[in-house]
Each structure stands twice: as C-alpha cells, then as structure tokens.
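Throughout, the numbering used here is defined as the position within the sequence shown, counted from one, plus 255.
Note that CB positions come from ideal geometry on N, CA and C, so glycine has one too.
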Amino acid sequence: MPSEDLRAYSDIVIDHFQHPRNAGPLDDANAVGEDRNPVCGDHMKLMLHIENGAIAEARFQTRGCPAAIATSSMATVMLTDMRIDEAAKLKRQDFVDAVGGLPKAKIHCSVLAAAALKKALAQYREHTSAGPSA
C-alpha cells in the first residue's frame, strides 16, 4: 500500500493509527462481525466478549488505510464496557465524531465499524436466542 499523507487527519486518527488499541484476535469472543468495502478493499473483523448484557472486551483485525485502522481502534475503545442496547444505537457518524472527523473521501471507513458492530450484535442475539445451551 502506498504511504498516505496523514496531514488530512485529526490528531486522534493519527494516534489511533500509529498506536492502535485492542488490535488482534479475541479467543473468547462470543460475537463476531466482519465487513469489507468492495471498492477500496478495506476489511474489518470486530470481536466482542459480551457478559451480562455488556461488552466486556472488544478487539479488531483490520486491513486498510489509516482511517479504517483508526476507526476500528476507536470503536473498540468506545464499545468496551458499553451495554449492548446502547451499542446497538451507534451509527457511523458516532465513530466519525469519536475520531475527530474524517475527510469526505474516508467516511466509508466509519461504515466498516458500524456494519461490523451490527453484524456482531446480530450474531450474538441469534446465538443467545438458540436456547440455554447457547
């Protein structure tokens, strides 16, 4: 991937890109969601460990540009200790705002986080509604 000029990004984006939080696999995840942007190729996998209706831990694995990595990192920070009913209300703009904004051409990166979260929560609900053995 060619190097990207970081001057268009907020200090928050740069910090989360250069020092991502909660990156890597989550072995005891009980909710996983993935999303991919078919145009640019960015890909995010969001893994959550949910206990007692709250997200006890969130981790991510993302391939993509600085904005995709930064919003993935920020998403895990935002989600940790959040009740799942509150997490379900988050929209892509919440992720954009949390990183101090994104250039118009990079707004699609926030969609990865929002879509992966939606898929993870749907998978969790489907799994937990399967019955007591789930």
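query	result
Whole-number beta carbon distance between Met337 and Ala353, since they are thought to touch under 8 angstroms	That pair is no contact at about 12 angstroms.
Selection from Pro293, Leu372 and Glu289 that minimises the alpha carbon distance to Phe350	Leu372
Delimiting residues of the alpha helix (DSSP H) encompassing Val332	Pro321 to Leu334
Pro257, buried or exposed, once every other Cβ within 10 Å from all chains shown has been counted against 16	Residue placement at Pro257 is flagged as unreliable, the pLDDT there being 44, under the threshold of 50; a coordinate-derived value is accordingly withheld.
Straight-line gap, Asp340 to Ala311 (C-alpha atoms, nearest Å)	14 angstroms
For Phe315: DSSP bridge partner residues	Ala278 and Leu301
Exposure of Pro293, with buried meaning 16 or more beta-carbon neighbours within 10 Å	exposed
Identity of the residues DSSP links to Arg338 by a beta bridge	Ala309
Pro358, buried or exposed, once every other Cβ within 10 Å from all chains shown has been counted against 16	exposed
Endpoints, beta strand (DSSP E) assigned at Val268	Not the beta strand (DSSP E): Val268 falls in the alpha helix (DSSP H), residues Asp266 to Gln273.
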